[in-house]
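Under this note's numbering, the first residue of the sequence shown is numbered 1, with each subsequent residue one higher. Using N, Cα and C, we set each Cβ at its ideal position, and we do this for glycine too. Read through the structure below, which is laid out as structure tokens, and then see the notes.
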Amino acid sequence: DMKPAGQAKQASKPVAAEVRKVYLDTGKITLKHGAIDNLGMGAMTMTFAVKDKASLQHFKEGQAVWAVFDMVDGQPTVVDLRSK
């Protein structure tokens with residue numbers, strides 16, 4: 001069964017972003033990010049859940065990062081976060 005090309009899931013690739021706020025208590029992060037093609041999102045500033053909540057302690061406001069996003073339980077989620 002062939003799916004239309006537009007329906008194919010795009011691979012997640014790192015997106016350049018800037019940390020705006022880190023929420024250690026809730027395991028979330030606010031990022032000013034570029035377009036997230038695999039989620040069909042344009043560039044914006046948004047708060048995301050983070051898969052590895054313990055990793056948040058290594059990031060701070062104003063830091064440049066590479067973030068990989070995916071849908072987890074129906075929510076756009078940061079599944080990988082690395083310093084630029």
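Pairwise C-alpha distance: residue j and residue i
i: N38; j: T47; result: 17 Å
i: V72; j: G62; result: 26 Å
i: K51; j: K84; result: 19 Å
i: A5; j: W66; result: Any reading at A5 needs caution, since the residue's pLDDT is 48, under 50, leaving its predicted position unreliable; the model's value is listed next. Near 27 Å, if we compare the C-alpha coordinates of W66 and A5.
i: T30; j: V19; result: 6 Å
i: P76; j: T26; result: 15 Å
i: Q57; j: D70; result: 21 Å
i: S55; j: G40; result: 26 Å
i: G74; j: L24; result: 22 Å
i: I36; j: V68; result: 9 Å
i: A49; j: A64; result: 18 Å
Contact check, residue i vs residue j, beta carbons under 8 Å
i: F59; j: V22; result: yes
i: G34; j: A17; result: yes
i: T45; j: K32; result: yes
Buried or exposed (CB count within 10 angstroms, at least 16 for buried), residue i
i: L81; result: buried
Cβ-Cβ separation, residue j to residue i (assumed contact under 8 Å), whole Å
i: S12; j: V79; result: 7 Å
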